[in-house]
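Residue numbers (the numbering used here), protein chains in the order written: chain L, 1 to 346; chain G, 1001 to 1346. Backbone N, C-alpha and C fix where the C-beta goes; we use that ideal spot for every residue, glycine too. Only a predicted model underlies this, so the values are computations on that prediction, with no experimental measurement involved. Below is one structure, written out as structure tokens; the observations come after it.
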């Protein structure tokens, strides 16, 4: 993040024909974009690409979701056929959509827009031991880094995280509990819709995952401990999204985080490389309680807050026009001088 | 608002390939759009047109704003030259921008995109007596109705309110206090940036306006009392925006409300014709404390909440892609049946 470009962006904001500070959070977004690009005005964050990382979860066997595991693969087919909400929102904001299979439990037929980067046929059950081996976590991380690098190499100037994986809010809750030190009960939510009994069971499963994997107590510090924790209670899509964030940061391109899956993955990315969070924009805040905890820990303010709890990248996509508007102000808006408007602070 | 189309929209939402309710507030927006159009799926809210109603305020003489009154006319020139933030946001979301002079204190040179509907050269000082005569308020209301009707007649399927008028947050605070019965201190804010001394003076001015105009105590009921209150402490742009809302409702087209100026005008519109509020979408919540009070009174939930305090229609424009996305879901997204995705609730 370039402090010079950020300072220049703040100064430029103050010369534009609007009361100082009157664009609120959007002024911070524009300044952040300038810092990321190392340029003022920052380039518009287009073209934009959504990557939906899909994987399955061994913990599904514990009965933490009312949905059958097959829905992960069925939804991948829905994405590639253009029928999911993420497709509608991507069309709305002009984003491309790439689905990345990093760990779906079945073999998927090839389809346009589907990348096969399968590390395993789903994770092991995180409530009985590590969900992934260290090698698997590293491979998924690397896959995410590579997808980000490839999307930037092909011309994209903004990335959006997406996810698909039945039971993945359980892994997210475990990651958030581990990386923030908060109780499982405070960060576990109802995901795509569990009843009271299943909800309490889900909290128990998250608590057991931390105990079984020796992750109670100390928050992991440093890259090695972070990857170990990610492997122990994360999902393959969480590891890939963490890598995607690191890849965006390495390419100096902003990455809009979607919901609780991305938030938990970003905690892992932050523990691996704290500077990467400077490249993140929090697209939205989901209805999952753990998401607010993750965002607060990361120091990110969400742009959209409409009780979405769908995932797929939908909340991140909704934020893209807002991020673009923030950048566009820096290009299009006249200054007090150029427009001949009186400035109360001049 | 068509209850049949709304029920149909709710049912359709539940068949789409997403957990029921997982689009949160967007599902309510889609249902509302279906009710407004009397059709499911509702048409996409495009093309979209922003109308910026500009006027001056006699109360400016009381020193309630740090900006000179001339800035109203200067900003009108900035809009027609394409240099304001509203222009940048309109370009971002593909909206047309029309400026309507309903009461700027000086004669404005003709310009493309500028409609002259001048009712007066600004209002009288609301802290010394009525800001407008009843005729002036009615004329400004009618101008707003007519602008809405014309924009719909020329093919627009969504309207956005905008405003420009130095000192207009003072009139907004007075209107909100009158129509909600809340104290002036609770609904008066710092507008485009006033210091502590000017802020306390502004509250005094609002209190004086209510007292001088006999509006303390009872909240006006019925159309006649509403127009009288609007004339007493409103601005010409407030009256025009109230008319714009009524015109959108008459044309059965959704209108996205911008910030505190629109919120206070919508309170007047609601008092004149309560059903009109069903056609309103609250674009955003501004940093002005009175805006939250107005939205709560109207029962509207804002879509964007980013501490904007600029006006011009900027917050309304930012919400347009979100409203469109909500409608697009109803057109583009596959059902569980059509996509072959298992439905946990089937």
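Taking 7 Å as the threshold (C-beta atoms), are residue j and residue i in contact?
i, j, result
"residue 285 of chain L", "residue 305 of chain L", "yes"
"residue 206 of chain L", "residue 188 of chain L", "yes"
"residue 1066 of chain G", "residue 18 of chain L", "no"
"residue 48 of chain L", "residue 86 of chain L", "no"
"residue 93 of chain L", "residue 53 of chain L", "no"
"residue 315 of chain L", "residue 261 of chain L", "no"
"residue 104 of chain L", "residue 73 of chain L", "yes"
"residue 233 of chain L", "residue 174 of chain L", "yes"
"residue 1165 of chain G", "residue 1269 of chain G", "no"
"residue 1010 of chain G", "residue 1031 of chain G", "yes"
"residue 295 of chain L", "residue 340 of chain L", "no"
"residue 137 of chain L", "residue 239 of chain L", "yes"
"residue 392 of chain L", "residue 113 of chain L", "A query on residue 392 of chain L cannot be resolved here, the shown segment of chain L reaching from 1 to 346 and no further."
"residue 169 of chain L", "residue 191 of chain L", "yes"
"residue 236 of chain L", "residue 64 of chain L", "no"
"residue 1342 of chain G", "residue 68 of chain L", "yes"
"residue 1008 of chain G", "residue 1027 of chain G", "no"
"residue 251 of chain L", "residue 99 of chain L", "no"
"residue 203 of chain L", "residue 184 of chain L", "yes"
"residue 5 of chain L", "residue 51 of chain L", "no"
"residue 300 of chain L", "residue 319 of chain L", "no"
Since residue i sits in a beta bridge, which residues does DSSP pair it with?
i, result
"residue 1053 of chain G", "G/1100 and G/1163"
"residue 1095 of chain G", "G/1048"
"residue 304 of chain L", "L/284"
"residue 158 of chain L", "L/48"
"residue 1347 of chain G", "Because chain G spans 1001 through 1346 in this model, residue 1347 of chain G falls outside it and cannot be assessed."
"residue 1335 of chain G", "G/1016"
Answer with buried or exposed for residue i, where buried requires no fewer than 16 other C-beta atoms within 10 angstroms of its C-beta.
i, result
"residue 1127 of chain G", "buried"
"residue 1022 of chain G", "buried"
"residue 1332 of chain G", "buried"
"residue 1003 of chain G", "exposed"
"residue 109 of chain L", "exposed"
"residue 1313 of chain G", "buried"
"residue 1135 of chain G", "exposed"
"residue 1154 of chain G", "exposed"
"residue 1116 of chain G", "exposed"
"residue 221 of chain L", "exposed"
"residue 224 of chain L", "exposed"
"residue 291 of chain L", "buried"
"residue 1024 of chain G", "buried"
"residue 1129 of chain G", "exposed"
"residue 83 of chain L", "buried"
"residue 1214 of chain G", "exposed"
Can you find the residues in the same chain that come closer than 8 Å, C-beta to C-beta, to residue i, ignoring five residues on each side of it along the sequence?
i, result
"residue 1255 of chain G", "1148, 1158, 1159, 1160, 1161, 1244, 1245, 1248, 1249, 1279, 1280 and 1281"
"residue 1015 of chain G", "1335, 1336 and 1337"
"residue 1046 of chain G", "1094, 1157, 1158 and 1324"
"residue 219 of chain L", "178, 179, 180 and 181"
"residue 1267 of chain G", "1175, 1176, 1179, 1180, 1294, 1297 and 1298"
"residue 273 of chain L", "223, 246 and 249"
When every heavy atom of the ligand NAP is checked, does at least one fall within less than 6 Å of the C-beta of residue i?
i, result
"residue 109 of chain L", "In terms of ligand content, the structure shown is empty, and the ligand NAP therefore cannot be addressed."
Leaving out five residues before and five after residue i in sequence, what residues of the same chain have Cβ atoms less than 6 Å from its Cβ?
i, result
"residue 1124 of chain G", "1058 and 1131"
"residue 1297 of chain G", "1180"
"residue 287 of chain L", "307 and 309"
"residue 89 of chain L", "314 and 317"
"residue 265 of chain L", "238, 241 and 242"
"residue 208 of chain L", "127"
"residue 42 of chain L", "33, 34 and 327"
"residue 111 of chain L", "80"
"residue 216 of chain L", "210"
"residue 1140 of chain G", "1102, 1119, 1236, 1239 and 1240"
"residue 1001 of chain G", "1035 and 1278"
"residue 1231 of chain G", "1130, 1132, 1134 and 1137"
Within a Cβ cutoff of 7 Å, which residues of the same chain sit near residue i, ignoring the five residues on either side of it in sequence?
i, result
"residue 1321 of chain G", "1093"
"residue 199 of chain L", "190"
"residue 1193 of chain G", "1066"
Answer yes or no: does any C-beta atom of chain C fall closer than 7 Å to that of residue i?
i, result
"residue 1264 of chain G", "Annotation note: the requested chain C is absent from the structure, which comprises protein chains L and G."
Whole alpha helix (DSSP H) runs in the region 1205-1268 of chain G with 4 or more residues, listed along the chain? If we require 4 residues or more, the alpha helix (DSSP H) runs fully inside the region 1205-1268 of chain G come out as 1222-1233 and 1236-1250.
For a minimum of 3 consecutive residues, which ranges assigned as the beta strand (DSSP E) are wholly contained in the region 167-193 of chain L? For the region 167-193 of chain L, not a single whole beta strand (DSSP E) run of length 3 or above is found.
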